[in-house]
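For the sequence shown, counting from 1, position 57 maps to 311 in the working numbering; every step adds exactly one.
All residues carry an ideal CB built from backbone N, CA and C; glycine is no exception.
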Amino acid sequence: MPKNKSSPTPTDQNQNDTNPENNYDLSEAPDLYSLCDRHTELTTLKQSILQNHTRIITILGLTGIGKSVLALQLIPQIKDKFDYIIWRNIDNYSTLESMQTSIINFLSPPDSSSQKTADFSPAKTTNNQLINYLRKYRCLLIFDNLQEIFASGELAGTYLPDHENYGKLFKQIATSSHQSCLLLLSQEEPKIELGNHYCHTLKIHGFLEACKMLLQERNLTDEDRWLELINLYGGNPLWLNIIADAIEDLCDASVAQFLSCSTLYLGDLEPILERIFQRLSELEKQVIFWIANQETTVDISITPADFPHSHSDLWKGIQSLKRRCLVEKIMETEGSFFTIQPVVKSFGKMLLASEQ
Ligand SMILES: Nc1ncnc2c1ncn2[C@@H]1O[C@H](COP(=O)(O)OP(=O)(O)OP(=O)(O)O)[C@@H](O)[C@H]1O
Ligand SMILES: [Mg+2]
Numbered sequence: 255m256p257k258n259k260s261s262p263t264p265t266d267q268n269q270n271d272t273n274p275e276n277n278y279d280l281s282e283a284p285d286l287y288s289l290c291d292r293h294t295e296l297t298t299l300k301q302s303i304l305q306n307h308t309r310i311i312t313i314l315g316l317t318g319i320g321k322s323v324l325a326l327q328l329i330p331q332i333k334d335k336f337d338y339i340i341w342r343n344i345d346n347y348s349t350l351e352s353m354q355t356s357i358i359n360f361l362s363p364p365d366s367s368s369q370k371t372a373d374f375s376p377a378k379t380t381n382n383q384l385i386n387y388l389r390k391y392r393c394l395l396i397f398d399n400l401q402e403i404f405a406s407g408e409l410a411g412t413y414l415p416d417h418e419n420y421g422k423l424f425k426q427i428a429t430s431s432h433q434s435c436l437l438l439l440s441q442e443e444p445k446i447e448l449g450n451h452y453c454h455t456l457k458i459h460g461f462l463e464a465c466k467m468l469l470q471e472r473n474l475t476d477e478d479r480w481l482e483l484i485n486l487y488g489g490n491p492l493w494l495n496i497i498a499d500a501i502e503d504l505c506d507a508s509v510a511q512f513l514s515c516s517t518l519y520l521g522d523l524e525p526i527l528e529r530i531f532q533r534l535s536e537l538e539k540q541v542i543f544w545i546a547n548q549e550t551t552v553d554i555s556i557t558p559a560d561f562p563h564s565h566s567d568l569w570k571g572i573q574s575l576k577r578r579c580l581v582e583k584i585m586e587t588e589g590s591f592f593t594i595q596p597v598v599k600s601f602g603k604m605l606l607a608s609e610q
């Protein structure tokens, strides 16, 4: 993938702005490049963090939609308001305790003889200890890849047996008084007990502007067909980047030729979609298969004749898929309707055909 050397990545910017007191630990953040800022989302996040003092914010979206890039874009804009900014990738830790230890060690290194160590024992990595730090200092904690603490084959947001203690920590962070903020980046929405008043979820959708710039960078042709292409692939920058490879390889960079294919081409997106589907419960798969076979958006207030489970199971499946951003709600004058993206529909149909 091309990398525009002239435009600094958010990570570059953060590294250039290294805090003299070394209060920022972004060592676990990915080094990503972005073309343009998501202004609306950045404004919402800043308002939520700085004005509303929301304690837990979940940035929710499909893989590749730009959650990590957005968080990296946010940091330089709010860093002056925080004493500490710490990015942790859940993938790097087998237990919550090991992650808490790493955070606490950063806040108060074990060999430090400062006042901080006198106040808190680094060996005791309990939730209370972390909350005490969140009270004492204004910290922005970022937990990336949160979906890793949830079980595959279950409804969205079901904690893995070993990771139920995350739920307790989230509840404590949501309901204790402190001045810090926890930013969760996830493909799956966490359910935070008693968190309603202090938590906020920001759903990330496709990003037309970035996708257009990306196609421009790739020198694809037939600009008048780009919008069609971008909509087909859900405005997902990662997916468009992958599809741009195929357009170069197979169609000499012609978007019109690529779109002339009678079926939606998935190519290298298949392994990504496979991983998404592997995480679904059986009920959710049935819902996707059912929606994939509908001609139009679906009205779930009507009991469907051809859905193999009960009406309430359909609602349960839809709600869970919404928590993974796999089903979208469309508000119309007659009420709300549901749909799935063309890529998900196409993969669902393919999977169904292979299972029959
Ligand atoms: N604003 C943007 N401009 C250009 N490219 C972008 C933008 N946002 C995301 N991308 C591209 O899309 C890809 C995926 O972005 P990112 O890693 O932030 O997605 P994600 O939602 O965090 O995915 P995952 O859930 O898999 O971690 C990156 O390679 C990035 O370059
Ligand atoms: Mg990410």
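Check, Outcome
"Alpha-carbon to alpha-carbon, Leu414 and Ser281", "26 Å"
"Inter-residue Cα distance where the pair is Ile530 and Tyr487", "15 Å"
"Residue burial classification, Asn450 (beta-carbon count within 10 angstroms, cutoff 16)", "exposed"
"Within 9 Å, strictly: CB atoms of Ile446 and Leu395", "no"
"Neighbour-count burial assignment, Gln611, 16 or more Cβ in a 10 Å radius", "With the chain running from 255 to 610 in the structure shown, residue 611 is simply not present."
"Supposed contact pair Ile313 and Ala325 - C-beta distance, whole angstroms, cut 8 Å", "6 Å"
"The segment 295-312 contacting the segment 429-447, beta-carbon criterion three pairs below 8 Å", "yes"
"Option in Ser508, Asp503 and Leu462 with minimal Cα separation from Asn490", "Leu462"
"Contact the segment 421-439 vs the segment 584-594: 3+ CB pairs below 8 Å", "no"
"Cross-strand partners of Trp341 (DSSP beta bridge)", "Ile396"
"Pro284: CB within 8 Å of a non-hydrogen atom of ligand 1", "yes"
"Distance, Pro330 Cα to Pro264 Cα", "Its pLDDT being 39, under 50, Pro264 is placed unreliably by the model, and the measurement read from it follows with that caveat. If you take the alpha carbons of Pro264 and Pro330, they lie about 8 Å apart."
"Same chain, Cβ closer than 7 Å to Asp345, five either side skipped, listed in chain order", "Asn399 and Glu402"
"Residue of Ser574, Glu586, Ile554 and Leu483 minimising C-alpha distance to Pro596", "Leu483"
"Residue nearest to Lys335 in terms of C-alpha spacing, selected from Tyr387, Leu409, Cys435 and Ala283", "Cys435"
"Any non-hydrogen atom of ligand 1 closer than 8 Å to Ser288 Cβ", "yes"
"Length of the line joining the Cα atoms of Pro558 and Val581", "17 Å"
"6 Å Cβ shell around Asn419 - same chain, five flanking residues per side excluded", "Leu350"
"Ser281: CB within 8 Å of a non-hydrogen atom of ligand 2", "no"
"Proximity below 9 Å, CB of Val541 to CB of Gly571", "yes"
"C-alpha distance - Tyr519 paired with Asp503, whole-angstrom precision", "13 Å"
"Residue range of the beta strand (DSSP E) that includes Leu456", "Cys453 to Lys457"
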